[in-house]
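Residue numbers (this note's numbering), protein chains in the order written: chain P, 19 to 447; chain Z, 19 to 447.
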């Protein structure tokens, strides 16, 4: 349940998608690492808040207690701490496992790919952060997924906002998780969840409401820096200063047109400590003025405390990264391919080796072996004496563009007849 | 235990290796499929004989009882049966899991890659089988691993040999597993294991001994076809006939020089029903005449009954395939790279964007963004005002061949200075 077999047509499309993502990661100088699917159970515990219950555990068959990785970020932090690496730019594309309620039509599975790019190390503020946002922008542009928006925020700004609204620290994460829904449901419903389920006072919720509905650019940052309450909060001020720097860098990258500083962005994970961001695809809708969001396809942020949790001396390695939501993007591309009627070839065979009559198996085997040894992608039918028509039909069915035909006459003349299957033209060579 | 993190230097080398393997699989017209790491526990039970105890089981957290796949062959057969596919040529490269005693120095892990190519379908005899052997030959040649030998045999021939030696069917698999050791230990020791542990009579063991020490080519097949006892056995005769056909096809492929029909080859797995083969690397040894084997690097065979085990009506789909022992090959290549002193680059960055003095961060961000958007692999240091020397040193350390330098003068002139890091030559452009 919640997993699936991928037939060749899937794999071809997925490989195409992953190749574009990897090309971008390499363009930014990242190296690839790989870690096991199996992690010690204790490595994963206490890293995912409430979602810890979604971790797949292995049976105790003797030896270490194991679990399947839940994401690639915690294994990355464990890897850095174990190997005392303080400086790396890496990508990792691999499957992760979650005992979630699958919603396969929306691209949510129990086994799915993550594509992560992270920069670890102590650097000047916001330079790696800006690159992660740039990468998100490049990938979504390269894949031509249509219009998109990258929302950015900072956990420190949220912390400051919550503090000045009189919300205790203990309610930070629960309140964030309510806020995360502002994407899908209107503020009134989010507000009543905050008051009803999360136990905020109606006044505090209203105060929050004034902030979290704000979004904009540098102008909004300037306004908030003038805010009499917020400007008194140390964390918020730090966050706003860095946010200003980030937007300046993104402006030099020429991508601010698709960036929105959005105070409602919270993101679920515990471990973020600074900048957070999330990319959503937009869809023009005839009935309303503004384009509507059709869901998040990438996200990331800064997590400066995670590596320290795995270091015996608690040494910190600041990190920032982005994860591309390949499964949702795959669903979109798949629908698009279906709609376009494009016939996706699942093999790359260039030529079928064909004999036009009986008793020529030996000639076929000799020729195909020559082709393979010359690096040419070639197939033949696994029949001693196949009919000519059947062989040509196989080309048409599987999209093989050429047939290399060798009969008695060709053998005598020391040539082959090369047939362009679509044009039905032949040359002797 | 038994798993490992792969640092960038590993991944680069492994990707190089896998690219060669995939290129060969695609050259032979194979499509890729992917199946989940998780399988239903019942799917894996009863397929691996004694080794079933090495399967990793997941904890019962509610829902289906799951296990981690042990190889790619059983999931492939399950995939064919579930999707009623009767005809496919596919490859699958993925990790499998075994609760084995790890022997990491010899490349034996609990999590490791398998690279499988299989042909499923009802075809004329030995054509797909010959292609699998050809693929093995191509990959080992392409990877330049040194001299190798591909041993071939047939389960039906072994069956016949055992029958005429008076060994009951029930002892077929245990006797095969003793025979498998003939590679490493002399016949006398294998014989005493057969008699002592496996309960064969000394006479039966001696009769087997006469057969299993035979190896050769077409001549040996002819001799065995004349063997008064063996030629009376139906299975052996079938197997010998097909073996003759196989060697004829391999001769047309021009590869019989590295093929040995070897009656001692048994292979461990239960599910083989026909041809089996195994490739071993050979090492010239000064002290002995014959080259010695340094271990198996690929193997495969025909399994015509496996798919039927997953079909509710027991419909059979004949299959033959090969699995490339990528982990052992990786160990060999890794040692070779180490010995050669080759410095493997872990990133592909073409150019570092460099500023020679302060207050030029903006120029650097603008230029690098232009390069990225033009598809050029570019990096910069994540510092506002890095020293020129530090930047050039980074190029030397990481093997970046070019530095694009932009200072006040270059900005004024609208050019960049492109520096060849190794030659220390610069051009303005």
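We put the beta carbon where it would ideally sit given N, CA and C, even for glycine. Small disclaimer: the values here were computed from a predicted structure and weren't measured.
Taking 7 Å as the cut-off between beta carbons, the residues of the region 265-287 of chain P near chain Z are 267, 270, 271, 272, in sequence order. Membership of residue 176 of chain Z in any beta strand (DSSP E) is not indicated; the residue belongs instead to the alpha helix (DSSP H) covering 173-182. Using a CB distance cut-off of 9 Å, residue 195 of chain Z does not count as an interface residue toward chain P. For residue 166 of chain P, DSSP records a beta bridge to P/299. Counting other Cβ atoms within 10 Å of its Cβ, residue 106 of chain P reaches 16 or more and is therefore classed as buried. Annotation for residue 335 of chain Z: 98, 104, 138, 325 place their beta carbon closer than 6 Å to its own, counting only its chain and skipping 5 residues before and after.
For residue 380 of chain Z and residue 270 of chain P, the gap between their C-alpha atoms comes out near 7 Å. A direct Cα-to-Cα measurement between residue 210 of chain Z and residue 136 of chain Z gives close to 37 Å.
The C-alpha of residue 51 of chain P lies about 44 Å from the C-alpha of residue 382 of chain P.
Under the Cβ distance rule, residue 428 of chain Z does not count among the residues neighbouring chain P, no pair being separated by less than 9 Å. Check the Cα spacing between residue 20 of chain P and each of Z/84, Z/240, Z/22, Z/70: the tightest is with Z/84. Residues of the region 43-57 of chain Z with a Cβ closer than 8 Å to any Cβ of chain P, in chain order: 44, 45, 46, 47, 48, 49, 50, 51, 52, 53, 54, 55, 56. For residue 363 of chain P, the CB contacts under 7 Å within the same chain, skipping 5 residues up- and downstream, are 417 in chain order.
Ranked by Cα distance from residue 141 of chain Z, the first of Z/68, Z/422, Z/322 is Z/322.
Taking 9 Å as the cut-off, the beta carbon of residue 283 of chain Z is found closer than this to the beta carbon of residue 169 of chain Z. The contact set of residue 24 of chain P on chain Z, defined by CB atoms closer than 7 Å, consists of 51, 52 in chain order. By the beta-carbon neighbour count (other beta carbons within 10 angstroms, threshold 16), residue 221 of chain P is exposed.
C-alpha of residue 79 of chain Z to C-alpha of residue 38 of chain P: approximately 37 Å in a straight line. For residue 161 of chain Z, the three-state secondary structure derived from DSSP is coil. Contacts with chain P at 9 Å (Cβ-Cβ) do not include residue 167 of chain Z. Using a CB distance below 7 Å, the part of the region 61-85 of chain P facing chain Z consists of 74, 75, 76, 77, 79, 81, 82, ordered along the chain.
Within chain Z, 49 have C-beta atoms less than 7 Å from the C-beta of residue 364 of chain P, given in sequence order.
Counting only runs that start and end inside the region 342-408 of chain Z, the alpha helix (DSSP H) elements of at least 4 residues fall at 344-358, 379-391. Proximity of residue 28 of chain Z to chain P, defined by a Cβ-Cβ separation below 9 Å, is satisfied.
Among the residues facing chain P, residue 117 of chain Z is included, as its CB has a counterpart in that chain under 9 Å away. In the three-state scheme derived from DSSP, where H, G and I count as helix and E and B as strand, residue 340 of chain Z is classed as strand. Close to chain Z, meaning a Cβ-Cβ distance shorter than 8 Å, are the following residues of the region 348-375 of chain P: 364, 365, 366, 367.
With the rule of 3 Cβ pairs closer than 8 Å, the region 172-187 of chain Z counts as touching the region 239-255 of chain Z. A straight-line Cα-Cα distance of about 32 Å links residue 102 of chain Z and residue 56 of chain P.
If you keep only unbroken beta strand (DSSP E) runs of at least 3 residues inside the region 253-285 of chain P, you get 277-280. Judged by DSSP secondary structure, residue 65 of chain P falls outside any beta strand (DSSP E); it is assigned neither H nor E. Assignment of beta-bridge partners to residue 131 of chain Z by DSSP yields Z/113.
Residue-level contact by beta carbon fails for residue 31 of chain P and chain Z, as no gap is shorter than 9 Å. The region 418-430 of chain Z makes contact with the region 359-378 of chain Z, as at least three CB pairs between them are under 8 Å. Contact between the region 28-46 of chain Z and the region 145-162 of chain Z is present: three or more C-beta pairs spanning the two stretches fall below 8 Å. Residue 141 of chain P reaches chain Z at 399, 400, 401, counting residues in chain order whose Cβ is nearer than 9 Å.
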